[in-house]
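Undergrad:
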Amino acid sequence: MNPKPKLSSKAITVRMYYVGFGDSFLLFVPASDGRHRKILIDCGKHQQSVKAPNIADVAQQIIEDATDADGVARIDLVIATHRHQDHVSGFEKPGWDKVEVKEVWMPWTEDPNDPKAVEILKAQSTTAGAVHKAAKKKAKLTLGATQQAASAAAALAENSLTNAKAMKTLHAGFAGGKKIPRKFLPHKDRTADTFQVAALPDVNVHVMGPSRDPKVINDLEDASQEYLLLARSEPTASNRALPLFQNLALHPKEFAAKHKSLTLKSTDIHRLNNIGDDRELAAAISNEAAVNGTSLMIMFEIGKAYMLFPGDAQWGTWNAAMNDTEWHELLKKSTFYKIGHHGSHNATPIDFVEKILRQDHFIAMACTGPTQKWTDTIPRPKLMKKLSEIAKGKAKGVIRSDKQKKPYVDLNVPITGA
Amino acid sequence: MATKPGYPQPLSRPLKIYAFDPMVALSSNDTTIARSSSKKISVDVANEKLAPGPQGARIEVIDYDGPNRRYYTPVDLNDPAILMQGGLEPAESDPHFHQQMVYAVAMKVLENFDHALGRKLRFLKVSKDRQGREKFMSVPLRIFPHAFWGANAFYDHDLIALLFGYFNASAADPGQNMPGQTIFTCLSHDIIAHEMTHALVDRLKKLFTEPSNRDVLAFHEGFADIVAIFQHFSFPSVLREFIQKTRANLRENTPMVTLAQQFGRATGIGDSLRSAIDEPDPRHYETATEVHTRGSILVAAVFEAFFVTYQRRIDELIHIATGGTGILPEGDLFPELVNRIANEASQTAQSILTMCIRAFDYLPPVDITFGDYLRALVTADRELLPEDQYGQRAAAIEAFRRRGIYAKNVFSLAEESLLWECADEEHFEPFPGETLREEVISDAQEVSYVNLPKSGKHYPHHKSRQRFNNFHHVRKNKEEMRAWAKKHAAKLGLDPALKIDPIGFHASFRISPQGQLVVETVAQFVQTLPETANSTSEDFGGVPFRAGCTVIASADGSVRYVIRKPMVSKKVSKAMHNEAAQRLEEQRGFVNKFDSIDPRNPWYSPREYEKRVALALNFEALHRRAIL
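Note that the protein sequences, when read in sequence, are chains G and H.
Using my numbering, the letters of the first sequence map in sequence onto residues 1 to 418.
Using my numbering, the letters of the second sequence map in sequence onto residues 419 to 1046.
(1) Leaving out five residues before and five after residue 514(H) in sequence, what residues of the same chain have Cβ atoms less than 7 Å from its Cβ?
(2) How about residue 252(G): is its C-beta nearer than 8 Å to some C-beta of chain H?
(3) Output, in sequence order along the chain, the residues in the segment 345-377 of chain G whose CB is closer than 7 Å to any CB in chain H.
(4) What does a CB cutoff of less than 6 Å around residue 277(G) pick up in its chain, not counting 5 residues either side in sequence?
(5) Please compile the residues from chain G whose C-beta is within a distance smaller than 8 Å of the C-beta of residue 492(H).
(6) Using 8 Å as the limit for Cβ to Cβ distance, is residue 144(G) near chain H?
(7) With contact counted as at least three CB pairs below 8 Å, one residue from each stretch, are the segment 401-411 of chain G and the segment 352-369 of chain G in contact?
(8) May I have the straight-line CA-CA distance separating residue 626(H) from residue 787(H), to the nearest angstrom?
(9) Can you name, in chain order, every residue of its own chain whose Cβ lies under 6 Å from the Cβ of residue 96(G), other than the five neighbours on each side?
(10) Could you spell out the range, first to last residue, of the beta strand (DSSP E) harbouring residue 563(H)?
(11) Considering just the uninterrupted stretch of the beta strand (DSSP E) at residue 543(H), what are its terminal residues?
(12) Could you give the distance in angstroms between the alpha-carbon of residue 975(H) and the alpha-carbon of residue 770(H)?
(13) From the DSSP output, which residues share a beta bridge with residue 579(H)?
(14) Measure the alpha-carbon distance for residue 880(H) versus residue 557(H) and round it to whole angstroms.
(15) Measure the C-alpha to C-alpha separation of residue 982(H) and residue 910(H) and round it to an integer number of angstroms.
(16) Who are the Cβ neighbours of residue 944(H) in its own chain at under 8 Å, not counting the five residues just before and after it?
(17) Check whether the segment 277-294 of chain G touches the segment 151-171 of chain G, taking contact to mean three or more Cβ pairs, one atom from each stretch, closer than 8 Å.
(18) Can you list, in chain order, the residues of its chain whose CB lies under 7 Å from that of residue 391(G), leaving out five sequence neighbours each side?
(19) Could you list which residues in chain H have their beta carbon closer than 7 Å to that of residue 271(G), in chain order?
(20) Between the beta-carbon of residue 10(G) and the beta-carbon of residue 415(G), is there less than 8 Å?
(21) In chain order, what residues of the segment 316-340 of chain G put their CB closer than 7 Å to some CB of chain H?
(22) If you measure between the beta carbons of residue 923(H) and residue 857(H), is that distance less than 8 Å?
(23) Which residues of chain H have a Cβ atom closer than 8 Å to the Cβ of residue 234(G), listed in chain order?
(24) Is residue 46(G) helix, strand or coil by DSSP?
(25) Which residues does DSSP list as the beta-bridge partners of residue 774(H)?
(26) For residue 640(H), I'd like the list of residues in its chain whose CB is within less than 6 Å of its CB, leaving aside the five on either flank, ordered along the chain.
(27) Throw me the rounded Cβ distance for the residue 100(G) and residue 73(G) pair, which I believe falls under 8 Å.
(28) Give me the Cβ distance between residue 831(H) and residue 797(H), rounded to the nearest whole Å; I'm assuming they're in contact under 8 Å.
(29) Quick check: the Cα distance between residue 259(G) and residue 664(H), rounded to an integer number of angstroms?
(30) Quick one: which unbroken alpha helix (DSSP H) runs of 4-plus residues sit fully inside the segment 889-974 of chain H? Chain order, please.
(31) Residue range of the alpha helix (DSSP H) that residue 435(H) falls in?
(32) If I follow the unbroken alpha helix (DSSP H) through residue 513(H), where does it start and stop?
(33) Return the chain-ordered list of same chain residues with a C-beta closer than 8 Å to the C-beta of residue 345(G), the five sequence neighbours on each side being excluded.
(34) Whose Cβ in chain H lies nearer than 7 Å to the Cβ of residue 245(G)?
(35) Over the uninterrupted alpha helix (DSSP H) stretch that includes residue 247(G), give me the two end residues.
(36) Cβ atoms of residue 592(H) and residue 534(H): under 8 Å apart, would you say?
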C-alpha cells in the first residue's frame, strides 16, 4: 500500500501513477472549507506496454488512495478524456462499485443522446474492430513488410476496440450507478464552457475541446469510411477465380505467350499485387488519431494555478483552442502541463511550446512507459528535452512516470504566489 | 496497321469516351447534371502507329488486374471493326473500352502539354550503369486501368505508370450508383486527366515531389485538377449543352467545374470530389494545410481568371443578342448564340490552360510556391504575347490576389513587377555552342517528327530514342553544362564549391501571334546543402535543403532570365544568402508543422522517421482517404 500523499492547503497535489504506457492522475485540490477534493483523470494501460504493472493493481491502489478516514473511497470527479484502452482499461477492473463519485465527465462524443456522437462512436469502433480482425488474420498469413505492417495495425487497433466493460463503469457504474450525473463536454453553447460545480468549490473549469466544429469533426470519421468500403468486398485468394471480365481474362503465362511486349517483369507484378497491403495500418493510424481527437481538453483554474490536461488531443483540437482568443490567453497562463499522448511529437504543437508556454512558469508531467514497438517515438526525446529546458526548476526537468523509483510520483502545484 | 501506299494518312483517330464518367452519362433528372445525349463523346487523338494495348510511342496500356492476378486481352484499335465505328462504344462492362478510354484521355492531356510547351515530352527512365554513371532511356508511360483494389488512383514514379483502382460503391450511400456496383476509376475522365498531369509535372520538374514547403505538393495536386477541369471545355457538344443549361453562367455547380462526380458519390462523400469554385478568402491560403485543400485555392484562382476573361469576351455577343440590354430572355438561348458563346468559352479555356502549362519553363527547379507560379505565369505569357488582349493576365493576378497569394520580393502586383528580372547579359557567357546546337537540333527533330504509320518504313521514333540511349553523348553535354554553371555559380545563386547538378536542358519552339518562330533554350541546375542531404538530420525528415536555378536563353544561347532559389553561401551576394537563410528556416518550420499534424508521427519506425517528410510525396498515400 502506498503512503498517503502529504496534502497542503496552498497547493494541489498531483499523484501520477506508473501504469506503463497509459495515463492515470489523482488530484487532491484544497478548498476554502479546509477539505481536499479529489479528481481522477483516466486510468488505463496499453496492451503493448512492457514492464508495466497489472492495471487492476493500479486501480486498487487508486481506490485506496482515495479512501477517506471513515474507510469509504470518495472521488468528487472522475474524468475519462477519451475511450482508448490506455486511458480507461483500469475502469473494467473490480472495486469501482464501492467508490462514491459525485460527477463523471466525458467528451461530448460519448453522449448517448447526441446522434452525431453516436455516429462518430460507431464509425470509430466499427473500424477498429474490422481493422483488428483483418490485420490479425493478415499477420498470420503473410511475411516480411506486409506482416510487419499488419501486426502493427493489429496492435494499434486494439487500443480503439470498444473497451465496453470500462465504458460501462464510466457511463453507469460507481456507487450510485446511473444516478451520478454524467457531463458530456464541451457544451453546445460555447459561453457555458467556463463554469463551476458544487462538487469542486473554488475551482474554475475551462473546457477547451474536443471541438464541435463540423470541419474538425469530419476528421474523426473520415478515416473509417474508405477502409470499411473496401474491406467488405475485397477480392481474396478464395474468390480470385472470378475475375472482373471472365471472358477476356488470361492467366499470366497464357498472356506472356501471346503478348510478349506487354508482359510485365516479375518485380513489377509483385509491386502491383501488393498495392494497398498496408491498408490496415493506414486505417489503424488514422483511426487512432481520430479517437485521440475526441479527447477532452480541460484546464482547471484554482487560485493562481492553471492546470492543463489535454488528454491525447490532436492538432484539430489544439488548433481550435489556440485560435480561440479566450483559450489562448488561458493557455499562456499554464502553470502545469500534462504532456499530451505520453510525450509523442504531434500531441504537443510546437507553437504551444515555443510561443505560448511561458518559460520558467510551468511544470510538466508525462505519464508514459515503454512499449515494444514505439520506443523511439513515444516519448519523443526532442520534445522532452525542449520542455525540460523551458519548464520551471530546470534541475528536475519534466517529471516522468517511468523514471521514478516508486510506482507513483507526487507533485505539488502551488495555488498562491506567482 | 500498314496502309496501302497512295492513301492519304489521317492526322487523327476518333475515339469515344465518357465526357465525365458513367454515372454522369446515365443521369437525366438531376439538375446539376445535363441530359445524357452528350455524355458519351468522340475525341480526336493524334494518329500514331499503335499495337494492341493500345501500345503507342509514348503511352502503353497494360491491363493487368492485380487483385485477380490476371491480364485482360489488349484492345486492337486498328481492327477494322473498331475503326469503322470510330472507336468502341462506351461501356462499363467492356475492358477493351476501358483501355481505349485511358489511352484517349491520356493522349489528349499529352497533346495539350506538347502544344503549350512547344516541344514533345518523352518519359525517361534513369538508371545507373555498372560504373554508377547515369543512364537515360526513353520509355513509354504505362497505364494500368485495373491495377488494384481501392478507391484510389495514382501516378507511380518508380513504375513510370498510372495505376487505377476499382472498388464497390457504398452499399448504404451510393449516390446515383447502384449499391455495391463496381466503380472503375479508369472510367472517370477527370481522374485519368489528373493522374496523367501528375506524370507530366513529374517529368518536367522531378523535384516537385519534395515537400520543402507547404505549397509544393499542393501545387502538384492543384495543377492536376486544373488540367482535368479545363479539358472539359475542349468537348464542344458538352460545352454547348452546359452553356444552354446554365444560360452561359459557367460558374454554376455542374460537372463542368467539378471533379469526379461518380467517385465522390460512390465513396459516400455525397458530391463531386472537388470544385473549381470557391469563396475567395485570403485567410484560407494562410491556414490550409491539407494538400488537396490547398491545391483547390490554386484551382479556384485559375478558374476565376478564366471566368472573368470569358465574361469579358462574351459581353459583346450578349449585348448584340439582347439588343443592348444585356439581359438574356426567358427560355432557351438561340442555338447560334450558344455556338458563339461556346466558341469563346473553349478558346478562353484553351488559352488559359496553355498559359498555365507554358509557365513551367519559367519555374525554379525546386521549392515552388504559388507566388513563384504566378510570376512564371505572367512572365511566360508576356514573353509570347506581349499584349494582354483579353486581359487574362490581369485577371489571373487579381484572382491570385483575392486569395492572398502574393509573390515574394516584388514591389507591387503590377504586371511589370511580377515579371522575373531579366538577366544582365554581360554577366553571362552564352551556353556552350556545341551542346546548344545539338540540343536545339534534336529537339527540333522531335517536334517535327510525326509518328504516322507510313507503310514499309522503319518508325523514326527509334532514331529519337537513340539520342537518349547514347549515354556517352548525354554525359558529355551534361559535363559541359556543369562547367558553364560552375563558372557563373555565384550569379546563379549557387555555391561554386558545392557540386552543381545540371538536371535539364531543352529547347522549345513556339509560334508568336505575329507568326514568328520563337525558340528558347532552358537549362536547370540544382545543388544540395550537404548537411541536409543525409536523412540523419531529424529536422528535415528526409527532404534535403536544395538550391537551384532555371536559366532561359535565346536560340543563340544568350541568357535572358535567371530564376533562382539561392544557396546559403558566402560566395553568393548578401541578399541572395539572406534569402536562402530565410528559406532554410522556413523549411525547418514546415517540418515542425508537418510533424504537428501528421497522424503517423508517433508510429513510425526509426528508419521511417528519418524519411517521414519525404514519404509524404508518395501519391498512393496522398491520394488515400478518397481524395485522389
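Note that the Cβ used here is the ideal one computed from N, Cα and C, for glycine as well.
Computed from a prediction, not measured in an experiment: that's the story for all the values here.
TA: In this structure, then:
(1) 493, 506
(2) yes
(3) 345, 346, 349, 350, 374, 376, 377
(4) 146
(5) 259, 262
(6) no
(7) yes
(8) 10 Å
(9) 169, 173, 174
(10) 559-567
(11) 541-546
(12) 29 Å
(13) 560(H), 574(H)
(14) In this prediction, residue 880(H) scores a pLDDT of 45, lower than 50, which makes its location untrustworthy; the coordinate-derived value is nonetheless stated afterwards. Answer to the nearest angstrom: the Cα atoms are 11 Å apart.
(15) 7 Å
(16) 625, 783, 784, 918, 919, 921, 964, 965, 966
(17) yes
(18) 362, 363, 364, 397, 398
(19) 577
(20) yes
(21) none
(22) yes
(23) 485, 567
(24) coil
(25) For residue 774(H), which the question treats as bridged, DSSP gives no partner whatsoever.
(26) 713, 716, 717
(27) 7 Å
(28) With a Cβ gap of about 14 Å, residue 831(H) and residue 797(H) do not count as contacting.
(29) 48 Å
(30) 889-905, 907-910, 948-951
(31) Run containing residue 435(H): none in the alpha helix (DSSP H); it sits in the beta strand (DSSP E), 430-436.
(32) 513-535
(33) 377, 380, 382, 383
(34) 490, 513
(35) Note, residue 247(G): premise wrong, no alpha helix (DSSP H); not H, not E.
(36) no
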